[in-house]
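Protein chains: 2
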Amino acid sequence: MKKAKLADLKQTQIHDAFWDRYTHLVKDVIIPYQWDAINDNLEGVEKSHSLMNYKIAAGREQGEFYGAVFQDTDVAKWLEAVGFTLAAQEDKGLEERADGVIDIIAEAQQPDGYINTYFTVKEPQLRWTNLQEGHELYTAGHLMEAAVAYYRATGKRKFLDVMRRFADLICDVFSDEKNNRAYPGHQEVEIGLVKLYEVTGERGYLEQAKRFLDRRGVGENYFLWEEKQPKFRRIFPEFTDYQTVYSQSHLPVREQKTAEGHAVRAVYMYCAMADVAAAYDDEELLNACITLWKNITTKRMYITGGIGSSGLLERFTTDYDLPNNRNYSETCASIGLALFGRRMAQITKNAAYMDVVESALYNTVLAGVAMDGKSFFYVNPLEVWPQNCIPHTSLDHVKPVRQKWFGVACCPPNIARTLASLGEYVYFYDEDTVWVNLYIAGRTTAQLADGSVEVQLATEYPDNGRVRIKVNSRSARAKLAVRIPGFAPDTAVTVDGRRITEQPVDGYMVLPIGAGAAAVTLDIPLEPRVMRANPNVREDIGKAAVVRGPVVYCLEETDNGSNLPALYLDTDKPLRTSYEERLFGGATVIYADGGRMVTDGWREDELYAQKETAYQPQKLTFVPYAFWGNRAHGEMLVWVKENR
Amino acid sequence: MKKAKLADLKQTQIHDAFWDRYTHLVKDVIIPYQWDAINDNLEGVEKSHSLMNYKIAAGREQGEFYGAVFQDTDVAKWLEAVGFTLAAQEDKGLEERADGVIDIIAEAQQPDGYINTYFTVKEPQLRWTNLQEGHELYTAGHLMEAAVAYYRATGKRKFLDVMRRFADLICDVFSDEKNNRAYPGHQEVEIGLVKLYEVTGERGYLEQAKRFLDRRGVGENYFLWEEKQPKFRRIFPEFTDYQTVYSQSHLPVREQKTAEGHAVRAVYMYCAMADVAAAYDDEELLNACITLWKNITTKRMYITGGIGSSGLLERFTTDYDLPNNRNYSETCASIGLALFGRRMAQITKNAAYMDVVESALYNTVLAGVAMDGKSFFYVNPLEVWPQNCIPHTSLDHVKPVRQKWFGVACCPPNIARTLASLGEYVYFYDEDTVWVNLYIAGRTTAQLADGSVEVQLATEYPDNGRVRIKVNSRSARAKLAVRIPGFAPDTAVTVDGRRITEQPVDGYMVLPIGAGAAAVTLDIPLEPRVMRANPNVREDIGKAAVVRGPVVYCLEETDNGSNLPALYLDTDKPLRTSYEERLFGGATVIYADGGRMVTDGWREDELYAQKETAYQPQKLTFVPYAFWGNRAHGEMLVWVKENR
């Protein structure tokens, strides 16, 4: 099976009314902020020490390792975001800064190729003895991804070569000859190895990724075996009584039918499974991916593209268990879901995957970052009552306001790299087709087999459904495949003014363009939709959610008063949309008729009483879920009760 | 202020159609089962080792301490239940068995009076160094309560004297001279000391209880200070980053206005505050109790009398935070609430306290035990969906079926002692009045100042509201105060056939009886009530609960099909009650009209869609909440959606 290629970020620009407010943050705010974070130059922010750990490992500084066992990943993620950013736009100063960091990493590399400051500085004798918790392979994977991004952006090989040496070591240590049972406790290195293979052509890296996947869940569980070895040392007390399902090592990956365990681990693994399935033409493995994708998206996913229903252990639970106010729904997990869906779309050329990717990006991923780029949600519930989100309770993990950078941060840099690589989600191409997956204004140039194709996309989507695409093709065989969103089957497509009446194929309208110029338009209907959940989702029965295009809406206390669960939406009345320039830097707001439970007649000392319930009319104001919490501190609610 | 006395259990019998099914379990099932548990004679049940620990401490056996730091309390609670049981009915065999245990405890007592097998066998050098977690004083308190119960039942002094020696040691070690800042990490010894004072007249015990209360939350927190001492050793990793609010040591007890922290600790402390307030005529302390009671019962209590909204740390959270499916609502906490309310009623002679006590007993406490007496709920949510109560998730603590005895069990023995001492809830008395608080058939004899009064109560309450009380009084001044339930202000009272038209005083109808016989009747209206929660309880908006008398009802899957949240109750239609002989050994069932969301038209692969919601009629069957889970495994729901 052939995987479509991702857009080359060096040949791609994003300039979009909706996304620019976030994408500019990466270079202007997040990367500099993150730089200060990894250098411990921020006040009131938990110490990172992550660059210092590398300097100590490199012998440049004296001192002790500080931080979590995966502290190195903060540096890796910074470098990856820098790589993506430099691809879009040169910046000599930033590049010099990154080169300096790469020099330190190279110096921190051990003679045999090993890189990990925790196990180099603090526990050298415990290297590779605790894959369950040690995160060495996870950290390696992030460094590999960063090295590939940096190489692609700058053409500089140093970081890539450093990581090749480390990859060579990993391929040796975990070869079938030397340790034919081991695999990582937190999947990620598989993705990194595939990327290294893609840029270097070194098939051994791909093979090692496949080996890690194929060993998982086979025979005696490797992590339970590890625990019994004399050198094993528990790192995280909460992992005592380890459940193999937590790391998706409960079954061989091909036999896994439901999404289980830690959500980020799960989706990172599914990404690698898709990569390997494509590279090996492995139908069985691809079918496992399809089954898992289906389980997530039809049973275990929030309407916002959030995944991971349990606050405890940030994990999947059971089908239809989608509580709105205590779920984890980690930003990183939705990023992983988008990465998985993107791969599935690359392989299958089915736009339905991109429907979910779009929802995850426009809702949960964007909710993860404040509009000033300085604070972040890790946890993304669909209903928040700030007063009861208090520490040392079951809602300890739910934060009603975005949090500053953490000592070791996963979501913020993950958001940064996602925003910086947005072009990879918008466009795919192969030898004769350019796919347009998302309606984000910008441009790309794709090198098809017999010539390049330039695509320019102009739109105000998702506020406005009109999309104009100019194509300049030097390829006689060029086709443009534009995604018809699953929520808008009536999308009208024209080419050079002529209405296309063909049916889309797997959700893409495939337009023969050939050589020359063409003007394509889409008119995507964006009427607000009143959505209900499958009745098996017990938490959402009797409730509705308002969605427009890919954008899920919510009620905020600042617009609708407190006690949002006391409101109901009158779904018999029409919803009214209005583009509001002043709100959130420009946003489409939805107004609705509804009501509020009357609270008069309840004395403060009455908790339960034989009282009738009465409602009074109230207008409701819905704003995009991703934008919540950017104005006032207060309640938020996605699923609102409806009249019957 | 004078506290009414509790009924003398030796002068009291319970023979009640409703309660007998539970009370007989104590002697026939629970005490023997518990005996097997503390002797490790049960298969498939977690090891207890608690009696063995005493034997080791006594030098009778060799071996290591095993179990939790509070393992001793299992033995103490068994002895207390035995004491209450022997008061009602002689049993030489059981008494001999208890005497044997008491001999072991006496031998395990250290020369200075100290008793605690963990700190005697395992960590003798750490005695009293970790009051935050060590549970030494908590364990001492339970032993004191047991010793008092056993002494009252049998008249034997040995156990009482053993505990006096230990109490003397505690009064010395924690005197103002030797350690004027310490207090227990888990309140309970205060209750034990007050009881010891009540039977021995030794005022020093009362004074020590008061000192423990008055020191709490004053100045530098004792537990945080303890943590900094060289001998401090952390026992429970989850107590790292200790919150003083967890143990109600965040403020002086008199300044506490809201119920905070671990619910059982809290209510045990409030019990002791009430005891001390009464003994010292301490209005300020009593007012603190009133404020805390009000906060719980008007802001932080379930309609079932459950308390403690957070699964994590089994604790109170914030006003109106009453989630139905993830709360802890520990059985022990409701027992503690009943003990607190009973004391407040003894002091204030206000029946409103007993309304709450009655609700806690008939709902949460009884829900805690299966009808066969062999399995137990610790956690009492109001909505259970078994499929999603899975380990290693946020709902890890919610068990959809009652659990077998635990290695260290708090709730089962606590239920046993509550059932065995039920008479103490039913009747109070002082020099001229007998209070009848609960309508449970049986009899008591109370020694008033100028003669005894015998009260015989016959009723089929709560199934039937007719109560007949025969009084035989030798006291010329005798009065009978019968509680008019808060839910039934229209209760009709007659004395010797004459209808009483006076108004109740603080919820008690006070009937002058004098010497001689009298026949009193009450007719308590028991129409089912459709209750709503204060609209600030966000979880219950748009929902209703069905209650009859003190009994809260629920829907079970076995009667109503699966997906209970898809049901609604038509509150415009009448509810129909029916006494069903065959159900639960006889129970009043409530039938109602309602509906169910139609699920046709949703494909299995549709999670969210623009579909209309439709309902079809369905009859609903409500059964007492306390009885749920005694038939089939399945869903349960108290707060049901209602039509608007």
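The listed protein sequences correspond, in order, to chains A and B.
If you read the first sequence in the working numbering, its first letter stands for residue 10, the second for the next number, and so on.
If you read the second sequence in the working numbering, its first letter stands for residue 10, the second for the next number, and so on.
Each residue gets a CB set at the ideal place from its N, CA and C atoms; glycine is no exception.
These numbers come from a predicted model, not from an experiment.
- Taking C-beta atoms as the reference points, Trp611(B) and Pro544(A) count as a pair closer than 8 angstroms.
- Only buried fits Gln141(A), as 16 or more other CB atoms lie within 10 angstroms of its CB.
- What Lys620(A) touches in chain B, judged by beta-carbon distance under 7 angstroms, is Arg541, going in chain order.
- Counting C-beta pairs with one atom in each stretch, the region 125-142 of chain B and the region 161-171 of chain B have fewer than three that are closer than 8 angstroms, which means they do not touch.
- The C-beta of Gly432(A) has 16 or more other C-beta atoms within 10 Å across all chains shown, which makes the residue buried.
- Residues of chain B with a Cβ closer than 8 angstroms to the Cβ of Pro409(A) do not exist, since the nearest Cβ in that chain sits about 12 angstroms away.
- The secondary-structure analysis by DSSP pairs Ile23(B) across a beta bridge with Gly451(B).
- Annotated three-state conformation of Gly551(A) is coil, per DSSP.
- Nearest Cα to Gly143(B) within the set Val443(B), Asp170(B), Gly76(B), Val91(B): Gly76(B).
- Asp614(B): not part of any alpha helix (DSSP H); DSSP gives it neither H nor E.
- For Asn304(B), the closest alpha carbon among the candidates Pro494(B), Leu321(B), Cys419(B), Phe325(B) is that of Phe325(B).
- Under the DSSP assignment, Tyr588(B) falls outside any alpha helix (DSSP H), being part of the beta strand (DSSP E) whose first and last residues are 585-589.
- Where Cys563(A) is concerned, the enclosing beta strand (DSSP E) starts and stops at 560-565.
- According to DSSP, Gln412(B) shares a beta bridge with Phe385(B).
- Gln396(B) and Pro494(B) have their C-alpha atoms some 38 angstroms from each other.
- Rounded to whole angstroms, Ile316(B) and Gln238(B) show a C-alpha spacing of 34 angstroms.
- For the pair Gly270(B) and His195(B), the Cα-to-Cα distance works out to about 11 angstroms.
- Among the CB atoms of chain A, one or more fall inside 8 angstroms of the CB of Glu615(B).
- Straight through space, the alpha carbons of Asn125(B) and Val480(B) are spaced by roughly 47 angstroms.
- With a cutoff of 8 angstroms on beta-carbon distance, Leu520(B) and Lys488(B) are scored as near each other.
- At a cut-off of 8 angstroms between beta-carbon atoms, Gln396(B) makes contact with chain A.
- Each residue's CA atom was taken as its position, placing Asp121(A) and Arg174(A) some 8 angstroms apart.
- Secondary-structure assignment with DSSP links Pro239(A) through no beta bridge to anything.
- Contact check between the region 83-92 of chain A and the region 35-47 of chain A: three or more CB pairs, one atom from each, fall below 8 angstroms, which counts as touching.
- Contact between the region 282-290 of chain A and the region 210-228 of chain A is present: 3 or more CB-CB pairs across the two stretches fall below 8 angstroms.
- For Pro544(B), the nearest beta carbon of chain A is closer than 8 angstroms to its own beta carbon.
- Identification of chain B residues near Ala575(A) by a Cβ-Cβ cut-off of 8 angstroms yields Pro544, Arg547, Ile550, ordered along the chain.
- C-alpha of Thr580(A) to C-alpha of Asn652(A): approximately 7 angstroms in a straight line.
- When DSSP states are grouped into helix, strand and coil, Asp602(B) belongs to the strand group.
- In this structure, the straight-line span from the alpha carbon of Gln619(B) to that of Gly558(A) is close to 13 angstroms.
- With fewer than 16 other beta carbons inside 10 angstroms of its own, Val514(B) counts as exposed.
- Fewer than three beta-carbon pairs drawn from the region 206-214 of chain B and the region 292-312 of chain B are found closer than 8 angstroms, and the two stretches are therefore not classed as touching.
- Counting other Cβ atoms within 10 Å of its Cβ, Lys650(B) reaches 16 or more and is therefore classed as buried.
- Thr597(B) and Pro409(A) have their C-alpha atoms roughly 45 angstroms apart.
- Here Leu321(A) is near Ser403(B), since their CB atoms are less than 8 angstroms apart.
- When the alpha-carbon of Lys14(A) is set against those of Arg224(A), Tyr63(A), Arg351(A), Leu331(A), the nearest one is in Arg351(A).
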